[in-house]
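Student: Protein chains in written order, with my numbering: chain A, 1 to 337; chain B, 1001 to 1317.
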Amino acid sequence: MTTVLESLNNALYQALSKDENVILMGEDILSPYGGAFKVTKGLSDTFPGRVLTTPISEAALVGIGTGMALRGLRPVVEIMFGDFITLIGDQIINHAAKFNWMYNHQVEVPLVIRTPMGGRRGYGPTHSQSLEKLYLGTPGLRTLSPSFIGDPGRILMDVILNGHQPVLFAENKSLYNLSTEWETLRKEFFIQEIHPKNADTYSPTYVISIQGAPEANLTIASYGYMADLTRQAVLELAYQYEIFVEMIIPSQLSPFDYPEIVRSTKRTKKLLIVEEGNLTLGWGAEVVARTIESLGSQIESIRRLASEDTPIPASRPLESSVLPSVESIIEAARSMV
Amino acid sequence: MASIVDNTVNINLYQRLCQIRTFEETVLENFPKGVFFGTTHTYLGQEANAVGVFDTMEPGDIVFSNHRCHGHFLAYGGDMRALFAEMMGKSTGVCGGRGGSQHLQWRDFYSNGIQGGILPIATGMAIAEKKKESHKIVYVFLGDGTLGEGVVYESLNIASLWQAPILFVLENNRIAQTTPIEQAIAGEIRARFEAFGINTEELDSSDVLEIRDRARNLVKYIREQNAPAVLILNTYRFGPHSKGDDTRKADEIDSIRETRDPLIIHGARIDAEKKSQIRNEMIAKIHEAFEYALADPFPIIEKNPGGLFSVGFEGQR
């Protein structure tokens, strides 16, 4: 079994092997430690001098990566916890993401910023958030988020080697130990892989339904670890409640381009959006807005499921109560159909 | 004391000082006429810094400049018509009118209008060039006001740790917009850089030759040692921070102009007739660049200006 973590680690290894311009930087990423979540494990042994441990200076780190990218390298920066991306806001918004357009396309910034997001580990309010929502819609920034499905490593490797613009690569921590094997999934699910028109490297949107199920009567859009919870909920919804779902799972969150959500919702007339970031002004809000702009009164029902608008508590029962779960997805779906 | 140089060199340096001075005067003179859009931060009084420092530059070296970038851009060799056009928002501008006064990119010259944010980027550029063994170095500019930004110190720390071949040029004009350094900076400025173990030199001069000589020593060190250095230039700006926002007393500025004008100081080395010839030629060139830029077209409005980044659902197209 290959886990998401191994897949990402292998992608970094492959990228470093294939292009000597690839450089990894981050806090505590050297062997034997290999980063707080071990995504960079072992890499500094094989590529000394190209895997650099840094001071606790997230803003400078992203700035240095931007400078390297402007001068022809392909840097990958690890931000130890996604919560810390608040510290790199100026570097992303006023620098890395602006340069290509502001300088009239005279430069490119192929910079990848990887970071683990999400809760369920009891790390509490400042180490459990899904903050990618803060950056979605930033002009010039691409945001990718792998899920249980497909090949997370391929998404990462392709953007490191072939990307043209700054990328925020949000990895939900709960994904790391999941398997990336497709074969068992394919027995159960019919999986279509669609490539967004606005993606310049591999970052498919998946359209998934249960093999042989009747036509779907609900569309659920989700990404990251929420896609795995949705998968579990979808099975139960089908077998227990005869609610048949078409799942839409993008791996590119922004630029925002999900014609599959519109197409699916046009058929099912019902759309549920599941995300781990907090509800207000989140990813789901934009999905709702765009879908309604497209379909208007053809939609019968639309709902968002997200984390509560509170900080994420440390205590396990408290934390569980604010994050979406398989049960809350089932409940939301049942309320709509 | 500045080194003795021959007359051709002196004349060339004077021409470059005069170019920046006349360009910036033209900018301030024409702003009220409404030909420029947005704002500006002129380099009046600080001309010798860019001209002196860049006299140490070799082809392919990199510059990252800040909001007060016109002087740096012109001293780097940037085109006056393209700069005027950029400030007017014309399609012939340095960045096609997208950036305006503080956001320039041409060859290996870059500028951005965020205080301090450019320092890690310039540091990253220097580290990249070192890794590529290109032997290029980076010049990055900051002002006294920028010393309030935390990312400055993150950058200095890493530049020193990783021995980035970069010259940090601090232009201390003693006032940040309207706030004098006494109200913004605790302790010694120089000590802030030395604390990171970076080779730091300080100069209180508006003499282009002195500045050039001091920069030359540091640049030689950077190239030989593949390590960072800091040049603190204590200087004066004659004009407002932007336009009409100078809170200093008129007699204070008058006395600065008398004692610290780079054109007067360096001009003393050149005969009066030659100076007036240089000045007249420069006025004519700048007038021509300005008129061309004025006649240049505005950018064509693209329906989809975001290009790659612009999206919409198919149903709406």
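Note that CB positions come from ideal geometry on N, CA and C, so glycine has one too.
Less than 8 angstroms between CB atoms is the rule here; does residue 195 of chain A satisfy it with respect to chain B?
Tutor: As a position in the first sequence, residue 195 of chain A is number 195, starting the count at 1. False, the Cβ-Cβ gap to chain B never drops below 8 angstroms.
Student: Using a Cβ-Cβ cutoff of less than 7 angstroms, which residues in the same chain neighbour residue 1016 of chain B once the five nearest sequence positions on both sides are dropped?
Tutor: Here residue 1016 of chain B refers to the residue found at position 16 of the second sequence. Here the set comprises 1051, 1075.
Student: Within the continuous alpha helix (DSSP H) that includes residue 26 of chain A, where are the two ends?
Tutor: Within the first sequence, numbered from 1, the residue matching residue 26 of chain A stands at position 26. Here residue 26 of chain A belongs to no alpha helix (DSSP H); instead the beta strand (DSSP E) covers 22-26.
Student: Could you give the first and the last residue of the continuous alpha helix (DSSP H) run that contains residue 1169 of chain B?
Tutor: The residue given as residue 1169 of chain B occupies position 169 in the second sequence. Here residue 1169 of chain B belongs to no alpha helix (DSSP H); instead the beta strand (DSSP E) covers 1166-1172.
Student: Distance, Cα to Cα, residue 1169 of chain B vs residue 1023 of chain B?
Tutor: To locate residue 1169 of chain B, count along the second sequence from 1; it is residue 169. To locate residue 1023 of chain B, count along the second sequence from 1; it is residue 23. Spanning the two alpha carbons is a distance of roughly 22 angstroms.
Student: Name the residue from A:106, A:136, A:326, A:214 whose alpha carbon lies nearest to the alpha carbon of residue 267 of chain A.
Tutor: Residue 267 of chain A sits at position 267 when you count from the first residue of the first sequence. Looking at the Cα atoms, A:214 is the closest of the given residues.
Student: Determine, using beta carbons only, whether residue 94 of chain A comes closer than 8 angstroms to chain B.
Tutor: The residue labelled residue 94 of chain A in the question sits at position 94 within the first sequence. Interface residue, yes.
Student: Would you say residue 35 of chain A and residue 28 of chain A are within 8 angstroms of each other, going by their C-beta atoms?
Tutor: The count along the first sequence starts at 1 and reaches residue 35 of chain A at position 35. The count along the first sequence starts at 1 and reaches residue 28 of chain A at position 28. Closer than 8 angstroms, so yes.
Student: Are there three or more Cβ pairs, one per stretch, closer than 8 angstroms when the stretch 124-135 of chain A is compared with the stretch 72-92 of chain A?
Tutor: Segments in contact, yes.
Student: Is the beta carbon of residue 63 of chain A within less than 7 angstroms of some heavy atom of the ligand ADP?
Tutor: The ligand ADP is not part of the structure shown, which contains no ligands of any sort.
Student: Let me know the secondary structure DSSP gives residue 287 of chain A once reduced to three states.
Tutor: Here residue 287 of chain A refers to the residue found at position 287 of the first sequence. DSSP places residue 287 of chain A in helix when its eight states are reduced to three.
Student: Just to make sure I have the definition right: I need the residues of chain A whose C-beta is within less than 8 angstroms of the C-beta of residue 1114 of chain B. Which are they?
Tutor: By one-based count along the second sequence, residue 1114 of chain B stands at place 114. Near residue 1114 of chain B (Cβ distances below 8 angstroms), the residues of chain A are 90, 94, 95.
Student: Any Cβ of chain A within less than 8 angstroms of the Cβ of residue 1154 of chain B?
Tutor: Counted from its first residue, the second sequence places residue 1154 of chain B at position 154. Yes, contact with chain A.
Student: With a threshold of 16 other CB atoms inside 10 Å of the CB of residue 239 of chain A, please say whether the residue is buried or exposed.
Tutor: Taking the first residue of the first sequence as 1, we reach residue 239 of chain A at position 239. When all chains shown are included, residue 239 of chain A counts as exposed.
Student: Measuring straight from C-alpha to C-alpha, what distance separates residue 184 of chain A and residue 221 of chain A?
Tutor: As a working note, residue 184 of chain A is residue 184 in the first sequence. As a working note, residue 221 of chain A is residue 221 in the first sequence. Distance between the alpha carbons of residue 184 of chain A and residue 221 of chain A: 22 angstroms.
Student: If you check the beta carbons only, do residue 175 of chain A and residue 123 of chain A fall under 8 angstroms apart?
Tutor: As a position in the first sequence, residue 175 of chain A is number 175, starting the count at 1. As a position in the first sequence, residue 123 of chain A is number 123, starting the count at 1. It is not a contact, given that the beta carbons lie outside the stated cut-off.
Student: Rounded to a whole number of angstroms, what is the C-alpha to C-alpha distance between residue 1086 of chain B and residue 1104 of chain B?
Tutor: Your numbering for residue 1086 of chain B matches position 86 in the second sequence. Your numbering for residue 1104 of chain B matches position 104 in the second sequence. Spanning the two alpha carbons is a distance of roughly 8 angstroms.
Student: Between the beta-carbon of residue 253 of chain A and the beta-carbon of residue 245 of chain A, is there less than 8 angstroms?
Tutor: Taking the first sequence and counting its residues from 1, one reaches residue 253 of chain A at position 253. Taking the first sequence and counting its residues from 1, one reaches residue 245 of chain A at position 245. Taking 8 angstroms as the Cβ cut-off, residue 253 of chain A and residue 245 of chain A do not qualify as a contacting pair.
Student: Are the CB atoms of residue 1187 of chain B and residue 1149 of chain B within a distance shorter than 8 angstroms?
Tutor: Working through the second sequence from its first residue, we reach residue 1149 of chain B at position 149. Working through the second sequence from its first residue, we reach residue 1187 of chain B at position 187. Contact flag unset, no.
Student: Beta-carbon separation of residue 189 of chain A and residue 155 of chain A under 8 angstroms?
Tutor: In the first sequence, counting from the first residue as 1, residue 189 of chain A sits at position 189. In the first sequence, counting from the first residue as 1, residue 155 of chain A sits at position 155. Going by C-beta atoms, residue 189 of chain A is not nearer than 8 angstroms to residue 155 of chain A.
Student: Runs of 3 residues minimum, wholly inside the stretch 138-189 of chain A: which ones carry the beta strand (DSSP E) assignment?
Tutor: You should have 142-144, 167-172.
Student: My understanding is that residue 1049 of chain B touches residue 1211 of chain B, with C-beta atoms under 8 angstroms, so please give their C-beta distance in whole angstroms.
Tutor: Residue mapping note: residue 1049 of chain B aligns to position 49 of the second sequence, counting from 1. Residue mapping note: residue 1211 of chain B aligns to position 211 of the second sequence, counting from 1. Rounded, the Cβ-Cβ distance is 6 angstroms, consistent with contact.
Student: In the stretch 247-295 of chain A, which residue ranges form an unbroken beta strand (DSSP E) of at least 3 residues, counting only runs that do not cross its ends?
Tutor: You should have 252-254, 270-278.
Student: Within the stretch 295-332 of chain A, note down every full beta strand (DSSP E) run reaching 3 residues or more, in order along the chain.
Tutor: Runs found: 301-307.
Student: Measuring alpha carbon to alpha carbon, tell me which of B:1156, B:1267, B:1269 ends up nearest residue 1228 of chain B.
Tutor: For the purposes of this step, residue 1228 of chain B is taken as the residue at position 228 of the second sequence. When each option's Cα is compared against that of residue 1228 of chain B, the closest is B:1156.
Student: In whole angstroms, what is the alpha-carbon distance linking residue 1240 of chain B and residue 74 of chain A?
Tutor: As a working mapping, residue 1240 of chain B is identified with position 240 in the second sequence. As a working mapping, residue 74 of chain A is identified with position 74 in the first sequence. About 41 angstroms.
Student: At a Cβ threshold of 8 angstroms, is residue 57 of chain A touching chain B?
Tutor: Reading the first sequence from its first residue, position 57 is the one you call residue 57 of chain A. So yes, residue 57 of chain A belongs to the interface.
Student: Could you tell me the alpha carbon to alpha carbon distance between residue 1260 of chain B and residue 1045 of chain B, rounded to whole angstroms?
Tutor: Within the second sequence, numbered from 1, the residue matching residue 1260 of chain B stands at position 260. Within the second sequence, numbered from 1, the residue matching residue 1045 of chain B stands at position 45. Taking the straight line joining both Cα atoms gives about 8 angstroms.
Student: Just list the residues that DSSP pairs residue 1204 of chain B with in beta bridges.
Tutor: Here residue 1204 of chain B refers to the residue found at position 204 of the second sequence. In the DSSP output, where bridge partners are listed per residue, residue 1204 of chain B has B:1234.
Student: Leaving out five residues before and five after residue 282 of chain A in sequence, what residues of the same chain have Cβ atoms less than 6 angstroms from its Cβ?
Tutor: As a working mapping, residue 282 of chain A is identified with position 282 in the first sequence. Same-chain partners within the cutoff: 133, 275, 306.
Student: Just mark residue 1099 of chain B as buried or exposed, buried being the case when its beta carbon has 16 or more other beta carbons within 10 Å.
Tutor: Stepping through the second sequence from its first residue, residue 1099 of chain B is reached at position 99. Buried: at least 16 other Cβ atoms inside 10 Å.
Student: Can the beta-carbon of residue 4 of chain A be found less than 8 angstroms from the beta-carbon of residue 24 of chain A?
Tutor: Residue mapping note: residue 4 of chain A aligns to position 4 of the first sequence, counting from 1. Residue mapping note: residue 24 of chain A aligns to position 24 of the first sequence, counting from 1. Cβ distance not < 8 angstroms, so residue 4 of chain A and residue 24 of chain A don't count as in contact.
Student: Using a threshold of 8 angstroms, state whether the C-beta atoms of residue 163 of chain A and residue 204 of chain A are closer than that.
Tutor: On the first sequence, residue 163 of chain A is found 163 positions in, with the first residue counted as 1. On the first sequence, residue 204 of chain A is found 204 positions in, with the first residue counted as 1. No, they are not a contact pair.
Student: Which two residues bound the contiguous beta strand (DSSP E) that contains residue 221 of chain A?
Tutor: Residue numbering aside, residue 221 of chain A sits at position 221 when the first sequence is read from its first letter. Note, residue 221 of chain A: beta strand (DSSP E), 218-222.
Student: Closer than 8 angstroms by C-beta to residue 1313 of chain B: which residues in its own chain qualify, once you throw out the five before and the five after it? Chain order, please.
Tutor: For the purposes of this step, residue 1313 of chain B is taken as the residue at position 313 of the second sequence. Note on residue 1313 of chain B: pLDDT 37, under 50, position unreliable in the model; the coordinate value appears next. Excluding residues within five positions, none has a Cβ falling inside 8 angstroms.
Student: Given this structure, state the Cα-to-Cα distance separating residue 1066 of chain B from residue 1123 of chain B, to the nearest angstrom.
Tutor: Along the second sequence, read from residue 1 onward, the residue named residue 1066 of chain B stands at position 66. Along the second sequence, read from residue 1 onward, the residue named residue 1123 of chain B stands at position 123. Going by the C-alpha atoms only, they are around 14 angstroms apart.
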